[in-house]
Each structure stands twice: as structure tokens, then as C-alpha cells.
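Note sheet for the following structure.
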Amino acid sequence: MSITASLLVEKVKLAGVVGAGGAGFPTHIKYQGQADHVIINGAECEPLLWADKEIMRLRAAQVISALRSVMEAKGAKQGVIVIKRKHQDIVDTMQKACSRFQVNLELIDDYYPAGDEHVLIHEVTGEPLPAGVIPAHRKIIVNNVETMLNVNNALQGEPVTEKWVTVTGAVARPSTFIVPLGTPIKLLIDAAGGVTETGYTVISGGPMMGSIINPESPVTKIIKGILVFPSRLPVSVRCNTSLADILRLSKKFCVQCSYCTQMCPRYLLGHPLEPHRIMRAFAYSSDLTPAVFRLAHLCCECGVCSVIACPMGISPMHVNKWLKKELSQRGLRYEKGNDQGRPRADRGMRLISSKNVLRRLGIGGYDQYAGYRKFDNSKVQEVRLPLKQHVGNPAVPKVKTGDQVKKGDLIAEVVEGIGASLHASISGVVKVITSDMIVIRAEKHSAARGV
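So the sequence shown is numbered by this note's numbering: it starts at 251 and just counts up by one.
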């Protein structure tokens, strides 16, 4: 469909589209600037996740159609979708769709974190983004696959009301489901056949960048995976270690081997991020004054330094994450210089295979297909919809307790600043409104959702 830049922004904003890959940045904000390149991130670099691959397998035409619409609206010269070449069936499906819509397919090797924005842009353009520079500053838009599917729906007038989620690990039937936003996570685990272990940990996201989540928690716009692992495995132990313990151990046991720096994906792209220098300052400084701490803002939190590089089992990534929060509260940011930086000469030899990531986390045995399976929406009797499922300000409720709503109705919107609107994911009655959530109770059960 033909669409102007302003209409694209308006429709995407009205639909409440945010980055579905985990960050949750409002997509209409990304679309406000100019763009020469539009890139779809189909790498899905976190091991074990299948949601984006299943979307490409089942909804290829819609994804590529949205890409073409964004390119047209923004006047972009190039549209590219990036996929790992090992997924040959997905590659074949997308090649057919790309040939119809005249966009390019970029095949990349199976390494982690291939889906990092800076890494992805280097793969497509051959040039790395300078440290501290976001894609928009180089007229580049990057969206993941599900985000682009939601953009396609937004252009048809359909708001974001559902989520593609992979449920895998220690479950009977690893699967990818389409579920209403706000669905309790435990219902997805049940739909995957239930847990096959007695002592287990539930992780939201991927095994490298995910975090522990309560199974009673609701599905949000940014959840891509629900992973269930035995609590004894390294991936679970890592997630269960408290931040206080991580920071304490980091101060005591760093041996300054510099492996964290040598294997850091951002360092290998030529950025001045050197985790071992941050760790040295962290061990001996009593405050946040050392300038080296500001380099923590360049960390993409991929976890390579912690899981793969460090021989002592400590986590420079968590130190960087903590530093970013503390520095931001003080208004201290990384100050960009003029040096663009170049990829390190040995970068190609230091890329980390996904198989190696799985081995280090102790979850190689769970590397299995988790394909699409129909989810029974009649099981969802109530949804809990957080007002902040995105970067920025929480949405403000537009409904009152007792209101009847239909699926797709606007129930909350952002009044000012960055944010995203929220829509009813099921038809029913608004039962509860709190400062951070709207609860809707289904009046009658819906039929199972199919592809």
C-alpha cells in the first residue's frame, strides 16, 4: 500500500507498536527521522528462540510488505532482511517473498550476538557505527521481525494485542504460541505440556540476556521467550545469583587477564569499550569519578564477557549494567569523540558460535525445534496489562473500572513524552485499574487462535 511518512508514524503510534525483540522502544519514534536503509533483524541470535523464525516461515509476505511500505514512506534506497544461513527452510521461504517485493536478503553465519544492532549494521553496510551513535544518526532503521509484522498490522488498522512467544527448555512440548497480551506465563508453560523437572527456574527472554520471572507474571509486548531449566544448570545459577553477590565477587576476583575485552563484540567492532579496565577501576575506586566508567554506556549487555570470556566466573556485563544505571541517575554519559574506529583485525577469529554459548550455559541438550502450536484462548479468563511495556513514560488509562471493552479497544495512551498506547487484548470487563496495570476479565471465552 502507498503511504506517506506522516501517515506511517500516525498509524504505528495509534497501534502501540514497540520493539518486540526485548527493548520495547516505541517504533513510531524510530520512524520520525529520515532513512536510507531499512533493516529487518531476522538473526534471532539468542539460542533456543524460534518466534521470529516461525513468523518468517508463516507470515513472510506480511513482513516483507511492511518493509516495502516503510521504505516507500521514508524514501529509503535499500531494504534488507538478515537471516542466519543455517536455517535453510526459512531462507528459501524469505527468498521467494523477497523476490516478489524486490528487497534484499543478507545471509550471515551462526555466531553470537549477530542480532546486536551495531553488529547487524556492520554485516549489512560493511561499516560499523561509531561508538555511542544510534542507527538513526546514520539514517538507518532497524526493526526485528515481529515488530515489522506488527507494523504491517498497524497499516491495516490493527493494534498490538497479541505476542509470539517461544516456550522451551524443560517442558514436554517446546512450542511457539500466539497469545493475548497479559496472559499469565504459567498458561503458556501448561500449553507446552508442563515442566518436566522438579526443581526449575523460569527465565524471560533468551538464555544469555534473559532474567528470572515469576510464572504468575503476564506476557508483555517485549517477552520473546519463556525458558524453563533445571535449577542446577549454569544458566539457572547465573540468573539466580544476586546483584550484590555479583558486584562483591567482581571486586575480589578479577585477575586482569583482559579476555573480556578481547572477546567483547563492541570492542571487536572498534569501540573503545574495554571491560577489563572498567573492572580494574571498579575494584579499587570508592566512587564513580573515574572517566573509564562512562565506557560502560557502550556495553550492549550480550553477556559474552561473563559466560564465554571470564575464567573466574565473574560478570563484567552486570558491573556495566549497574554502572549505566548509577551514572544515568547522575546525568553522566559517554562523551562521543570524532574517532569512528575500525573493526579489529582479528575480529573474524573471535566470533562466538551459538553452539559454544549453549555448551557454556549447560543447555546444549535443549537445542531443539520449538515450532508454532495453536494456543487455546479460552483458557485465558483474565489478562493483566502493565501500563509500561515500553521505553519511556507509562500509558495513562482511558477506561474506568466496570467499563465493557472489546479486543482492540484503546485502554491507555501516553499523554506526553516517549511512550506507547495500550489496547485490550481480549473482550470483557475492566475489573481493576492500579497505578501500573489494567486488569480485564473475559466475559466469554474466545476460540483457539490459528495461523
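We treat Cβ as the ideally placed atom computed from N, Cα and C, and that holds for glycine.
Everything numeric in this text was worked out from a predicted model, so none of it was measured.
Q.
Rounded to the nearest angstrom, what separates I676 and S256 at their Cα positions?
A. Reading the sequence shown from its first residue, position 426 is the one you call residue 676. Reading the sequence shown from its first residue, position 6 is the one you call residue 256. Distance between the alpha carbons of I676 and S256: 30 Å.
Q: Output the distance between the C-alpha atoms of R699 and D626, rounded to the nearest integer angstrom.
A: To locate residue 699, count along the sequence shown from 1; it is residue 449. To locate residue 626, count along the sequence shown from 1; it is residue 376. Per-residue confidence for R699 stands at a pLDDT of 49, beneath the threshold of 50, marking its modelled position as unreliable; no derived number is given.
(Q) Just to confirm the assignment: which complete beta strand (DSSP E) runs, minimum length 3, are found wholly within the region 270-327? (A) 287-291
Q) If we count the other Cβ atoms within 10 Å of its Cβ and call it buried at 16 or more, is C514 buried or exposed? A) Along the sequence shown, one-based indexing puts residue 514 at 264. Buried, since its Cβ has 16 or more Cβ neighbours within 10 Å.
Q: Rank Y622, G581, A674 by C-alpha distance to the C-alpha of D653 and give the top, closest one.
A: If you number the sequence shown from 1, residue 653 lands on position 403. For D653, the nearest C-alpha among the options comes from A674.
Q: Could you check which residue in M344, G432, I314, F275 has the C-alpha nearest to that of P636?
A: For the purposes of this step, residue 636 is taken as the residue at position 386 of the sequence shown. When only C-alpha atoms are compared, the closest one is G432.
Q) Does DSSP put T446 in a helix, in a strand, or in coil? A) Within the sequence shown, residue 446 is the residue found at index 196, counting from 1. T446: coil per DSSP, three-state reduction.
Q.
Could you pull the DSSP bridge partners for G376 from this structure?
A. The residue you call residue 376 lines up with position 126 of the sequence shown. Its beta-bridge partners do not exist; DSSP assigns none.
Q. Can the beta-carbon of I690 be found less than 8 Å from the beta-carbon of V633?
A. The residue given as residue 690 occupies position 440 in the sequence shown. The residue given as residue 633 occupies position 383 in the sequence shown. The answer is yes: Cβ separation under 8 Å.
Q) What whole-angstrom Cβ distance do M306 and V395 have, given they're in contact under 8 Å? A) Taking the first residue of the sequence shown as 1, we reach residue 306 at position 56. Taking the first residue of the sequence shown as 1, we reach residue 395 at position 145. With 8 Å as the limit, M306 and V395 qualify as a contact, their Cβ atoms being about 6 Å apart.
Q: Assign C704 to buried or exposed, taking buried as 16 or more other Cβ atoms, counted over all protein chains shown, within 10 Å of its Cβ.
A: Beyond the ends of the chain as shown, which are 251 and 701, falls residue 704; an answer cannot be given.
Q. Where does Y362 fall in DSSP's three states?
A. Taking the sequence shown and counting its residues from 1, the one referred to as residue 362 is at position 112. Strand.
Q: Ignore the nearest five residues each way along the sequence and tell me which others in C552's own chain have a CB closer than 8 Å to its CB.
A: Taking the first residue of the sequence shown as position 1, residue 552 is located at position 302. Here the set comprises Y362, P363, D366, M458, M459, P515, M567.
Q.
Taking 8 Å as the cut-off, does the region 577-588 touch the region 527-534 (at least 3 CB pairs, one atom from each stretch)?
A. no
Q) Among residues of its own chain, excluding the 5 on either side of Y217, which ones have a beta-carbon nearer than 7 Å to its beta-carbon? A) Nothing about residue 217 can be reported from this structure: the residues present for the chain run from 251 to 701 only.
Q) Do L523 and L548 have their C-beta atoms closer together than 8 Å? A) Taking the sequence shown and counting its residues from 1, the one referred to as residue 523 is at position 273. Taking the sequence shown and counting its residues from 1, the one referred to as residue 548 is at position 298. Cβ distance < 8 Å, so L523 and L548 count as in contact.
Q) In terms of residue numbering, what span does the beta strand (DSSP E) encompassing A441 cover? A) The residue you call residue 441 lines up with position 191 of the sequence shown. No beta strand (DSSP E) holds A441; the alpha helix (DSSP H) holding it covers 435-441.
(Q) Which of the three DSSP states is assigned to S481 in this structure? (A) Position 231 of the sequence shown, counted from the start, is the residue given in the question as residue 481. Reduced to three states, the DSSP call for S481 is coil.
Q) What alpha helix (DSSP H) runs, 4 residues minimum, are completely inside the region 385-415? A) 395-405
Q: Could I get the ranges of all uninterrupted alpha helix (DSSP H) runs contained in the region 557-598, with 4 residues as the minimum, in chain order?
A: 566-579
**Q.** Reference C489; option with closest CA among G382, R318, Y450
**A.** Sequence index remark: in the sequence shown, residue 489 carries index 239 (1-based). Of the listed residues, the one whose Cα sits closest to C489 is Y450.
Q | Sequence-distant residues of its chain with Cβ nearer than 6 Å to V664 (five each side left out) | A | The sequence position of residue 664 within the sequence shown is 414, counting from 1. Within the same chain, V664 has close Cβ partners N643, A645.
Q) Would you call the region 328-346 and the region 286-305 touching, i.e. three or more CB-CB distances under 8 Å? A) yes
Q. Between the C-alpha atoms of V429 and L438, what's the straight-line distance to the nearest angstrom?
A. Sequence index remark: in the sequence shown, residue 429 carries index 179 (1-based). Sequence index remark: in the sequence shown, residue 438 carries index 188 (1-based). C-alpha separation (whole angstroms): 8 Å.
Q: Please state whether DSSP places S461 in a helix, a strand or coil.
A: The residue given as residue 461 occupies position 211 in the sequence shown. Correct three-state label for S461: strand.
Q.
Assuming A195 is part of the alpha helix (DSSP H), what are its boundary residues?
A. In the structure displayed, the chain extends from 251 to 701; residue 195 sits before or after that span and is not available.
(Q) Does D537 pass the burial test, meaning 16 or more other C-beta atoms within 10 Å, or should it be called exposed? (A) Locating residue 537 in the sequence shown gives position 287, where the first residue counts as 1. The residue in question, D537, is exposed, as its Cβ has fewer than 16 Cβ neighbours within 10 Å.
Q. Leaving out five residues before and five after E373 in sequence, what residues of the same chain have Cβ atoms less than 7 Å from its Cβ?
A. Sequence index remark: in the sequence shown, residue 373 carries index 123 (1-based). V332, E356, I358, listed in sequence order.
Q. Cα-Cα, which of V649, G283, E693 is closest to H387?
A. As a position in the sequence shown, residue 387 is number 137, starting the count at 1. With distances taken between Cα atoms, H387 lies closest to G283.
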